[in-house]
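Down below is the structure, laid out as structure tokens.
Listed below in structure tokens is the structure:
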């Protein structure tokens, strides 16, 4: 490569600067092989693979019915199933399976206000605290279904069975069943159990979604009374910290 000298005492115009840059580029690329893509390939339409973000997937779940196996192939033993409630109509039972699956998905992803991130410890908290009682407690099951229907009233149209065409009627029925069962429990020996406490909490959550805060306050007063008879909130923090965090929220 030849050397070229520039007189710095003279005027360096645009053409000279271009010559300098060109000469420097030759020196840097000396001995290198540059592989440039073919212009013909660049003109072809590219096949791009797009991946859905998490927010897009969540929005899809909330706005469109997911593709699921047919209800006849789903083992009902794996779902919260209380035959006494559906024995009047087998079609209603089958039509409720997708609805129950959506409710389980909703409660397994329950969130909390961002303001509480630094106030409470969520690292050790189980994400199934709102889901597990649905499989073993019929009162909680009906309360949870009422909450889900109140949270997504417009989402139920494709999945609601013939008996539940009116979503308002459906969620009111679930709420009434939960109230009847929990009132019966409060008069017995299981009045102050953890199971009763979480049912009352979910009933208060239902009134919150309904915007009936004065009714929700009745349930919160019930929670306070149960805690007083169990030794106070400090005692619950020691035995059931996860449940105590729900009450704090």
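Residue numbers (the UniProt record's numbering): 1 to 249.
Glycine is no exception: its CB is placed at the ideal position from the N, C-alpha and C atoms.
Between the segment 229-246 and the segment 167-178, the count of Cβ pairs shorter than 8 Å is below three; the stretches do not touch.
With fewer than 16 other beta carbons inside 10 angstroms of its own, residue 136 counts as exposed. The beta-carbon separation of residue 177 and residue 142, rounded to 4 Å, stays under the 8 Å limit for a contact. Of the other Cβ atoms in all chains shown, 16 or more fall within 10 Å of the Cβ of residue 106; this residue is therefore buried. Nearest neighbour of residue 222 by Cα position, chosen from 204, 213, 211, turns out to be 204. In this structure, the alpha-carbon of residue 248 lies about 26 Å from that of residue 180. Judged by DSSP in its simplified three-state form, residue 239 adopts helix. If you draw a 10 Å sphere on the C-beta of residue 103, you find 16 or more other C-beta atoms in it, and that means buried.
DSSP places residue 187 outside both helix and strand once states are collapsed to three, so it counts as coil. Per the Cβ contact rule, the segment 204-213 is in contact with the segment 143-151 (3 or more Cβ pairs under 8 Å).
Take the alpha-carbon of residue 23 and the one of residue 17: they are about 10 Å apart. In the assembly as shown, residue 154 is an exposed residue. Its beta-carbon has fewer than 16 other beta-carbons within 10 Å.
If only uninterrupted alpha helix (DSSP H) runs of at least 4 residues are considered, those enclosed by the segment 163-228 are 167-186, 194-210.
The shortest C-alpha to C-alpha distance from residue 139 to any of 11, 130, 194, 175 is the one to 175. Here residue 190 is not near residue 240, since their CB atoms are 8 Å or more apart.
Taking each of 19, 197, 213 in turn and checking the Cα distance to residue 224, the smallest one comes out for 197. Judged by DSSP in its simplified three-state form, residue 109 adopts coil rather than helix or strand. Residue 108 holds the alpha-carbon nearest to the alpha-carbon of residue 134 among 152, 108, 13. Taking every protein chain shown into account, the CB of residue 246 has 16 or more other CB atoms within 10 angstroms, so this residue is buried.
Apart from sequence neighbours up to five positions away, the residues of its chain that approach residue 201 with a beta-carbon distance below 8 Å are 219, 223, 246, 247, ordered along the chain.
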